[in-house]
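In the numbering used here, the protein residues as written are 38 to 110.
This is the structure:
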């Protein structure tokens, strides 16, 4: 089953922590956003394999924008 991971806040992608193909545990950091001079980690909602990353470093993202897809099967 595929699960989309969405940004909780608008901001700029500061750093990609996880890479496509990584096996993630629940609450592992996928990317770090910068918004209003704060760093906000975007976490995996559950364990799975990162199969797609929809953003790159320095991209601007909107609130609720899909940033990654996990395969949780």
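All residues carry an ideal CB built from backbone N, CA and C; glycine is no exception. Quick caveat, the model's predicted, so the values are computed rather than measured.
Beta-carbon proximity check, residue i vs residue j, cutoff 7 Å
i: residue 90; j: residue 40; result: no
i: residue 85; j: residue 66; result: no
i: residue 92; j: residue 54; result: no
i: residue 72; j: residue 46; result: yes
i: residue 76; j: residue 68; result: no
Straight-line gap, residue i to residue j (C-alpha atoms, nearest Å)
i: residue 81; j: residue 60; result: 10 Å
i: residue 52; j: residue 88; result: 18 Å
i: residue 64; j: residue 44; result: 14 Å
Simplified DSSP state of residue i, which is helix, strand or coil
i: residue 108; result: strand
i: residue 75; result: strand
i: residue 57; result: coil
Among the options, nearest to residue i - alpha-carbon criterion
i: residue 48; options: 96, 83, 38, 56; result: 96
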